[in-house]
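Student: Chains as they are written, first to last, in the working numbering: chain A, 62 to 346; chain B, 161 to 517.
The C-beta atom is built at its ideal place from N, Cα and C for all residues, glycine as well.
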């Protein structure tokens, strides 16, 4: 997809209608995810308005903003949990309008949740294998009889799932019940499960919530490793500024459902509107 | 090789299947040698049907996590359709063909109704789905209760509240037992197999967290419908066999109470536990019919007291601990552990001996 029109946004020229975070860098790449003027109203309340964002392949993008800014709503819009009232979402050049959440996942969007949502009664391995669901070709007959290629399919899935778990050093926990895992491992398992669906972009909703500094550091490394190993884009919502500023290549700041700034971490750090949104306006005396 | 064998023997599927097969083997010996008492002969058919019904209901309640209170309705659709087919073909086809054929047709009819009920039910959750399935069960019961066949070759066979006259297709337990064995083993096997497959995982994922399952690429609508249809299909097949064992069938039998009875079996057997459903079906059917018969008038009162006691016990921590300590699985594990331990110590001793020499 090529961008022909440009509009002025702040001091920069930004391709229209997309919302490239760092236009100079991203312009020549086909974006993985392109949100165009997204908006959603809940009754009379506009939760998100005119949200435009482009995420390039293998980019780590951050979505930050004060509490209640609408960050998770954006994720829900991107995965079609909510259908946008206005605007359009393109994934690799295909629109997601009218698709179900499951179909959007198959188009290449995987996500984790702010409050962990695992299949807690299933084993860790089975959680990952649920992620491999659409990759497996086991039909109903072979599932019912455990014949006709069942063993081969399951073996392949087991191997792939263990490989993915190994990536996060979790293969020793494979046969534990997911609900019994410690908090940090549950967060990691959610990421593994999302990766198992072989996404093109991974959406992480507050992955570092409730983690101590060393766990956060490990998570940072893991996010980079995911990007480098799988060659996918990562977009994350996070309140931990240290994490966001150190791993994100582009950051989008949301406040009251509107984008108030976009740019590289350095630009965001220096942006007065962002500082205002977080800390309040400086009073003139 | 050793661990492989051990796994195979400890495999839940194999254990459950062989347990059921053994039970039926004993039953076969008793029935065909004429050792079985009249009372035993009478309960084999209903118990087997209860097993199939409970296992299939477990698919909806235990695996998918949706409360269905209309399972008896699906069963009676299968029963009446299948038995009508069987009555119509009684002179044409031999029993070995007629019964399986009517079972399949009955199952398909029940599955079709399952699809019709499942479609709107997909939009509902929890209590609302329970109410809809309850209503559907009652509708099915009442519709059949008002059906009359007045013309054609089957005239008078089905006469509203007087029920379906199945005298022509009545088969005694000796004739029905092979079909029952095949059906019970097939249903238990299929349900256990599904549980350990891509589809079973998807179904259980929906139960554990629907939103996450959707975000993981699982087509929730498809799987909910699939479970409804499959459970109805099995229930319908069980219904057809049930109909062959009596000379008259009234749809009023398969109302709300019957569905609740099945639900009780599933709950006591354990949600999502197939072997539990099988055991509970046997125990909870024989309990009021045989054991509590002594209490005559107070039979149902005693039954409900027993149910309450079981329920209280199943929530009791100490009882749970006791139950775990005597569980069959543990026993097997212990047996194998001690055996392998012996083997290990033996090899250790040998190696040790080799070192010494």
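Could you check which residue in B:408, B:344, B:186 has the C-alpha nearest to that of residue 207 of chain B?
Tutor: Nearest of B:408, B:344, B:186 to residue 207 of chain B, Cα basis: B:344.
Student: Between residue 30 of chain A and residue 316 of chain A, how many whole angstroms is the CB-CB distance? I'm expecting something under 8 Å.
Tutor: This structure cannot speak to residue 30 of chain A, because chain A is shown only from 62 to 346.
Student: What's the call for residue 468 of chain B, buried or exposed, on a 16-neighbour Cβ count within 10 Å?
Tutor: exposed
Student: Give the range of the alpha helix (DSSP H) segment to which residue 287 of chain B is assigned.
Tutor: 286-305
Student: DSSP three-state call for residue 374 of chain B: helix, strand or coil?
Tutor: In the structure shown, residue 374 of chain B sits in a helix (DSSP, three-state: H, G or I).
Student: If you run the structure through DSSP and keep just helix, strand and coil, what is residue 403 of chain B?
Tutor: In the three-state DSSP reduction, residue 403 of chain B falls in the helix class (H, G or I).
Student: Any idea if residue 161 of chain B is buried or exposed, counting beta-carbon neighbours within 10 angstroms, 16 or more meaning buried?
Tutor: Below a pLDDT of 50, predicted positions are generally treated as unreliable, and residue 161 of chain B, at 40, falls in that range; no measurement from the model is reported.
Student: I'd like to know whether the C-beta of residue 178 of chain B is nearer than 9 Å to at least one C-beta of chain A.
Tutor: So no, residue 178 of chain B is outside the interface.
Student: Under a Cβ-count criterion, where at least 16 other Cβ atoms within 10 Å of its own Cβ denotes burial, should residue 355 of chain B be classed as buried or exposed?
Tutor: buried
Student: If you compare alpha carbons, which of B:258, B:180, B:244 is closest to residue 307 of chain B?
Tutor: B:244
Student: With respect to 8 Å, is the separation between the Cβ of residue 135 of chain A and the closest non-hydrogen atom of the ligand SAM below this value?
Tutor: Of ligands this structure carries none, so the ligand SAM is not represented either.
Student: Do residue 431 of chain B and residue 221 of chain B count as a contact pair if the criterion is CB distance below 9 Å?
Tutor: yes
Student: If we cut at 9 Å on Cβ distances, does residue 524 of chain B have a partner in chain A?
Tutor: Residue 524 of chain B lies beyond the residue range present for chain B, which begins at 161 and ends at 517; the question has no answer from this structure.
Student: Looking only at its chain, what residues have a beta carbon closer than 7 Å to the beta carbon of residue 249 of chain B, apart from the 5 residues adjacent to it on each side?
Tutor: 258
Student: Taking residue 187 of chain B as the reference, which of B:329, B:205, B:378, B:464 has the closest Cα?
Tutor: B:205
Student: What number of angstroms, rounded off, separates the C-alpha of residue 505 of chain B from the C-alpha of residue 232 of chain A?
Tutor: Interpretation of residue 505 of chain B is limited by its pLDDT of 47, a score under 50 that renders its predicted location unreliable; the figure taken from the coordinates is listed afterwards. If you take the alpha carbons of residue 505 of chain B and residue 232 of chain A, they lie about 29 Å apart.
Student: Look at the alpha carbon of residue 193 of chain B and the alpha carbon of residue 276 of chain B, and state the distance between them as a whole number of angstroms.
Tutor: Taking the straight line from one Cα to the other gives about 45 Å.
Student: Could you check which residue in A:145, A:258, A:226, A:217 has the C-alpha nearest to that of residue 247 of chain A?
Tutor: A:226
Student: Applying the 10 Å Cβ sphere with the 16-neighbour rule, what's the burial state of residue 266 of chain A?
Tutor: buried
Student: Here's a check: name, in chain order, each residue in its chain whose Cβ is nearer than 6 Å to the Cβ of residue 165 of chain A, leaving out the five neighbours to either side.
Tutor: 140, 141, 157
Student: For residue 233 of chain B, count neighbouring Cβ atoms within 10 angstroms of its own Cβ and tell me buried if that reaches 16, exposed if not.
Tutor: buried
Student: Measure the alpha-carbon distance for residue 113 of chain A versus residue 101 of chain A and round it to whole angstroms.
Tutor: 13 Å
Student: For a contact defined as C-beta to C-beta under 8 Å, what are the partners of residue 368 of chain B on chain A?
Tutor: 179, 180, 181, 182, 183
Student: Would you kindly check if the distance between the Cβ of residue 353 of chain B and the Cβ of residue 204 of chain A is under 9 Å?
Tutor: Going by beta carbons, residue 204 of chain A and residue 353 of chain B fall inside the 9 Å limit.
Student: Rounded to the nearest angstrom, what separates residue 92 of chain A and residue 385 of chain B at their Cα positions?
Tutor: 37 Å
Student: Quick check on DSSP: helix, strand or coil for residue 258 of chain B?
Tutor: When secondary structure is reduced to three states using DSSP, residue 258 of chain B falls in the helix class.
Student: Can you give me the start and stop residues for the beta strand (DSSP E) that residue 265 of chain A sits inside?
Tutor: 262-266
Student: Can you grab the Cα-Cα spacing for the pair residue 479 of chain B / residue 107 of chain A, in whole Å?
Tutor: 54 Å
Student: Between the C-alpha atoms of residue 199 of chain A and residue 163 of chain A, what's the straight-line distance to the nearest angstrom?
Tutor: For residue 199 of chain A and residue 163 of chain A, the distance between alpha carbons rounds to 18 Å.
Student: Express the C-alpha separation of residue 482 of chain B and residue 393 of chain B in angstroms, rounding to a whole number.
Tutor: Taken atom to atom, the span from the alpha-carbon of residue 393 of chain B to that of residue 482 of chain B is near 38 Å.
Student: Three Cβ pairs or more, each shorter than 8 Å: is that satisfied between the stretch 273-289 of chain B and the stretch 400-413 of chain B?
Tutor: Fewer than three pairs of CB atoms, one per stretch, sit closer than 8 Å, so the stretch 273-289 of chain B makes no contact with the stretch 400-413 of chain B.
Student: Is the stretch 433-453 of chain B touching the stretch 257-272 of chain B, taking contact as three or more C-beta pairs under 8 Å?
Tutor: no
Student: Using three-state DSSP, classify residue 369 of chain B as helix, strand or coil.
Tutor: Secondary structure of residue 369 of chain B (DSSP, three-state): coil.
Student: What first and last residue would you give for the alpha helix (DSSP H) that runs through residue 417 of chain B?
Tutor: 416-429
Student: Go ahead and label residue 361 of chain B buried or exposed: buried means 16 or more other beta carbons lie within 10 angstroms of its beta carbon, across all protein chains shown.
Tutor: buried
Student: Alpha carbon to alpha carbon, how far is residue 95 of chain A from residue 252 of chain A? Give it in angstroms, no decimals.
Tutor: 22 Å
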